[in-house]
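J.:
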Amino acid sequence: MTAPATRTKDGLSLETSVAIPVGSRGRQRRRGGATRHVVAPLAFIAVAVVLFCLFFVWPGALGLLYSFTDYRGVGSMDFVGLENYVDLFGDADFYASLGRTVLYTALSVPAHYVVSLGIAMLLTSHAARGKGAARVIFFLPWLISPIVAGVIWKWLFGENFGMVNAVVSMLGADPLRWETDPTLALVLILIVSTWGSTAFNMLLFIAAIRNVPQSYLEAAELDGANAWQRFAHVTLPLLRPTSFMVVLLTTIGSMKEFAMVQALNGGGPGTSNMFIVQYIYRTGFERADIGYASAASMVLMVILIVIAVIQLRFDRRNDLS
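Under numbering that gives the first Met the number 0, the first residue of the sequence shown carries the number 0, and numbering increases by one thereafter.
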């Protein structure tokens with residue numbers, strides 16, 4: 000491609016023979032497009048990084064700093080070194096709340112897994128009817144605030160005014176002590192937490208079940224496998240990545256359970272069902288010992304990291320085998 004002719008002062012035309020490479024404009028456009036494709040992702044990533052640093056890294060660093068001080072929420076703070084951690088590891092209330100949290104997690108994870116997987120299997124079954132309405136019904140609890148859910152279930156299971164005990168009394172049995180019996184109070188927490196958290200795990204399982212190749216199930220059926228055998232030997236192994244994610248998220252969520260328990264029974268009766276996050280809350284805000292509560296928060300964070308790393312390595316070992 001050549002440049003257009005130019006004219007001299009005498010009016011004579013002078014042909015220029017400067018050649019412009021044909022592909023140069025294309026390369027310039029590609030460079031401009033490539034720049035836009037690079038800038039846009041970087042802009043989105045930058046926003047995410049800023050928000051992560053602002054709401055996660057900065058509070059975490061501040062909590063780590065407080066854990067080495069005697070800060071009480073107001074006034075100045077003095078550096079005390081590892082004193083908070085030494086006192087924490089000698090605190091019987093801390094071990095009691097941590098043990099109750101571990102017990103609750105050990106009971107909660109299987110309950111969440113079985114219920115959410117069972118509902119997902121029912122909602123993806125070809126024989127089921129009314130699946131659209133059922134999805135909405137099962138998903139509604141996830142939209143309700145844990146505080147509101149705790150208040151609703153507290154009203155349902157109240158010892159003196161609860162609807163459940165009213166029905167039990169009508170059937171001729173003695174009312175159950177949902178608020179004053181530690182074991183029944185823990186059972187109630189398990190029921191409410193499973194009811195409220197099933198929806199999210201159910202959606203994960205539904206998406207994974209729909210990705211199971213139908214040819215595998217049809218081949219197993221032709222080989223004479225019944226419905227349970229097809230589920231146990233075909234569907235369930237293919238759901239392992241989703242199962243791992245559900246177990247990991249449920250474990251971390253159960254270890255951090257707070258709002259629903261606080262609204263339901265406040266960790267009662269007494270402190271028998273006080274979980275670790277409630278212990279941190281009471282220490283930091285009711286006793287105004289921010290430094291000591293921050294040390295407990297750091298210990299909880301380390302425990303959660305260890306749990307996540309162990310589960311990740313276990314899942315990776317299964318993949319290699």
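Here a beta-carbon is modelled for each residue, glycine too, at the ideal position from N, C-alpha and C.
Note that the structure is a prediction, hence the values are computed from the model and not measured.
(1) Can you tell me whether DSSP reads THR123 as helix, strand or coil?
(2) Report all residues from its chain with a CB closer than 8 Å to the CB of SER96; omit the five preceding and five following residues, and keep chain order.
(3) Rounded to a whole number of angstroms, what is the C-alpha to C-alpha distance between VAL308 and GLY161?
(4) Apart from the five residues just before and just after GLY62, which ones in its own chain have a Cβ nearer than 7 Å to its Cβ?
(5) So what does DSSP say about THR197, is it helix, strand or coil?
(6) Counting only the same chain and skipping the five closest in sequence on each side, list residues whose C-beta sits under 6 Å from that of ALA184.
(7) Determine the burial state of ALA206: buried for a count of at least 16 other Cβ atoms within 10 Å of its Cβ, exposed for fewer.
(8) Could you pull out every residue in the same chain whose Cβ sits closer than 7 Å to the Cβ of MET201, ignoring the five residues on either side in sequence?
(9) Exposed or buried, PRO145, counting other C-beta atoms within 10 Å across all chains shown (16 or more means buried)?
(10) From the DSSP output, which residues share a beta bridge with THR68?
(11) Between which residues of its own chain and ASP77 is the CB-CB distance below 8 Å, once the five residues before and five after are set aside?
(12) Can you give me the Cβ contacts of THR282 inside the same chain, cut-off strictly under 8 Å, excluding the 5 residues immediately before and after it?
(13) For TYR65, I'd like the list of residues in its chain whose CB is within less than 6 Å of its CB, leaving aside the five on either flank, ordered along the chain.
(14) Report back the beta-carbon spacing between TYR112 and THR249 to the nearest angstrom; my notes put them in contact at under 8 Å.
(15) Excluding sequence positions up to five away, which residues of its chain have a Cβ less than 8 Å from the Cβ of ILE190?
(16) Just tell me which of VAL49, LEU53, ARG71 has its CA closest to the CA of GLU285.
T.: The relevant details are as follows:
(1) coil
(2) THR270, MET273, PHE274, ILE275, GLN277, TYR278
(3) 43 Å
(4) SER293, SER296, MET297
(5) helix
(6) ASN264, ASN272
(7) exposed
(8) SER115, ILE118, ALA119, PHE137
(9) buried
(10) PHE78
(11) THR68, ASP69
(12) ASP288, TYR291, ALA292, ALA295
(13) ILE289, GLY290, SER293
(14) 7 Å
(15) TRP152
(16) ARG71
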